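K.L.:
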Ligand SMILES: Cc1ncc(COP(=O)(O)O)c(C=O)c1O
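Residue numbers (the working numbering): 228 to 703.
#1: Identify, in the order they occur along the chain, each residue of the same chain with its Cβ nearer than 8 Å to the Cβ of residue 184, setting aside the five sequence neighbours on each side.
#2: Going by C-alpha to C-alpha distance, which of 256, 311 and 352 sits closest to residue 518?
#3: Once DSSP output is grouped into helix, strand and coil, what is the label at residue 285?
#4: Between residue 297 and residue 532, which are expected to be in contact by the criterion C-beta below 8 Å, what is the C-beta distance as a whole number of angstroms?
#5: Around the C-beta of residue 605, are 16 or more other C-beta atoms found within 10 angstroms, so that it is buried, or is it exposed?
#6: DSSP beta-bridge partners for residue 516?
#7: Using the Cα positions of residue 667 and residue 673, report the straight-line distance between them to the nearest angstrom.
#8: So, are the CB atoms of residue 514 and residue 623 less than 9 Å apart?
#9: With a threshold of 8 Å, are at least 3 pairs of Cβ atoms found where one atom belongs to the region 526-543 and the other to the region 362-376?
#10: Here's a check: name, in chain order, each residue in its chain whose Cβ is nearer than 6 Å to the Cβ of residue 481, leaving out the five neighbours to either side.
#11: Per DSSP, residue 504 is paired with what?
#12: Which whole-angstrom value describes the C-beta separation of residue 358 and residue 348, a residue pair presumed to lie in contact below a C-beta threshold of 8 Å?
#13: For residue 621 and residue 506, I'd like the C-alpha separation in whole angstroms.
#14: Using alpha carbons as the reference points, say which of 422, 328, 459 and 653 lies closest to residue 690.
#15: So the candidates are 259, 608 and 377; which of them puts its Cα closest to the Cα of residue 274?
#16: Once the 5 residues before and after residue 632 are set aside, which same chain residues still bring their CB inside 6 Å of it?
#17: Go ahead and pull the three-state DSSP assignment for residue 310.
#18: Could you give the DSSP three-state label for residue 620: helix, strand or coil?
#19: Hey, quick one: how far does the alpha helix (DSSP H) through residue 566 stretch, first residue to last?
#20: Ignoring anything shorter than 3 residues or poking outside the region 247-279, list the beta strand (DSSP E) runs there in chain order.
#21: Can you list, in chain order, the residues of its chain whose CB lies under 6 Å from that of residue 570, leaving out five sequence neighbours each side?
#22: Does DSSP put residue 523 in a helix, a strand or coil?
#23: Is DSSP giving residue 438 helix, strand or coil here?
#24: Rounded to whole angstroms, what is the Cα-Cα separation between residue 235 and residue 694?
#25: Please confirm whether residue 505 has its beta-carbon closer than 9 Å to some beta-carbon of chain C.
#26: Nearer than 8 Å: is that true of the beta carbon of residue 503 relative to any heavy atom of ligand 1?
#27: Among the candidates 702, 387, 329 and 582, whose CA atom is the shortest distance from the CA of residue 496?
#28: Apart from the five residues just before and just after residue 663, which ones in its own chain have a Cβ nearer than 6 Å to its Cβ?
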């Protein structure tokens with residue numbers, strides 16, 4: 228038996244969870260042979276050593292193929308906004324299956340896509356009132372980039388094509404979204420990437436890339452975006468794309484002035500501001516969009532992950548009225564926004580999106596993200612007593628902790644120790660799913676999380692940190 232098998236034998240009978248898929252590996256094949264047939268996101272040999280395979284889920288919990296139960300501290304990966312096995316969403320999908328599961332996307336749309344667009348526009352800030360549906364986050368950010376370029380071309384500025392984005396960011400795996408991404412570890416393997424993308428430093432105030440202190444710095448990282456636009460030539464720059472709260476850099480939370488300043492700079496140079504809200508959208512930061520949380524209206528807004536709660540692949544690109552209007556006109560000279568995908572706005576995904584949105588609104592899950600998020604944060608603050616938490620960042624139910632050897636001096640742990648990964652892995656052994664990196668851990672549990680479940684998350688992290696520190700002491 229593997230470690231996971233022995234640790235928790237909570238089968239479906241005891242747990243009340245729906246029965247999942249049966250035997251792993253199947254009797255006809257050995258485990259390694261079976262696993263070699265799939266490529267997952269992780270390093271394959273590492274994955275095969277102790278394969279993490281989910282079988283069923285309910286509420287805020289998963290069960291793996293061996294019956295071990297996990298508290299889902301990360302909503303799958305910021306996706307399962309309204310929880311697992313949500314009755315309303317499942318029933319809506321089942322009903323829609325009987326009526327229409329696919330409509331001809333080359334020729335038009337379907338009532339579910341139209342209704343969801345209408346309802347999204349109603350909850351979106353400002354005049355973000357046209358919606359392009361897609362199937363995943365990368366498609367949405369890719370569409371935002373192409374829409375920005377096409378918008379400028381159609382509005383008489385055909386030389387504006389450059390995209391400014393930030394180091395440490397993640398916008399997706401397709402060539403355009405990857406070229407915009409600033410995560411060296413994921414970019415370098417696939418270089419050369421597309422030309423026309425320029426990177427700037429994000430507002431990592433805890434470790435300012437310019438060695439400055441917040442407020443004394445005059446928000447240099449935002450101002451430099453203006454300098455970059457001026458040096459590149461404003462007539463060549465199409466858009467700036469940012470995650471309002473950066474994820475992959477370790478939950479990069481902007482200061483209050485940062486996003487308003489970017490807005491001002493973009494307006495000054497007729498550059499579109501794109502918010503990648505693939506993670507932060509749909510209530511995660513305590514408002515429907517981080518644009519609301521920070522009070523800044525982007526020109527284009529990408530939303531995905533939590534939009535359909537993970538019940539079907541769905542993402543969307545919202546754009547402001549003046550941008551949407553450029554795609555109307557004489558078909559002889561204006562092709563419309565032809566960038567599209569076969570599965571865009573399919574009825575099953577859209578009905579999942581509609582039911583998910585109803586759940587978020589009617590159960591006030593934005594409010595829950597604020598209140599339980601504040602409770603969770605207080606719990607995490609208590610973990611500072613371990614003496615290795617340098618910073619706690621984030622909003623609502625999107626929180627992260629950066630670990631350091633010395634919180635006074637911010638001295639990091641050595642790479643060899645990979646403290647965040649160790650703690651994250653230990654938490655996983657104790658039945659808590661988080662997002663972990665060498666120096667940080669992030670949490671993004673379903674928006675239905677209760678205060679008691681938040682306490683369980685903190686309790687498992689507390690135990691995990693304590694155990695890892697004990698081990699480190701013994702080995703040093
Ligand atoms: C901020 C952000 N943008 C875009 C993406 C890409 O989304 P997808 O993996 O659905 O293509 C991700 C995925 O993690 C993301 O976190």
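We put the beta carbon where it would ideally sit given N, CA and C, even for glycine. None of the values given here were measured: they were computed from a predicted structure.
P.N.:
Taking the coordinates as given:
#1: The requested residue 184 does not occur in the structure, where the chain is confined to residues 228 to 703.
#2: 352
#3: strand
#4: With 8 Å as the limit, residue 297 and residue 532 do not qualify as a contact, their Cβ atoms being about 19 Å apart.
#5: exposed
#6: Bridge partners of residue 516: none, in fact.
#7: 20 Å
#8: yes
#9: yes
#10: 430
#11: 530
#12: 7 Å
#13: 12 Å
#14: 653
#15: 259
#16: 638 and 640
#17: coil
#18: strand
#19: Neither: residue 566 is in no alpha helix (DSSP H) and is coded neither H nor E.
#20: none
#21: 362
#22: coil
#23: coil
#24: Because the pLDDT at residue 235 is just 44, under 50, the model does not fix this residue reliably, and the value given afterwards should be weighed accordingly. Taking the straight line from one Cα to the other gives about 19 Å.
#25: Given the protein chain composition of this structure (a single chain), no chain C is represented.
#26: yes
#27: 387
#28: 647, 648 and 651
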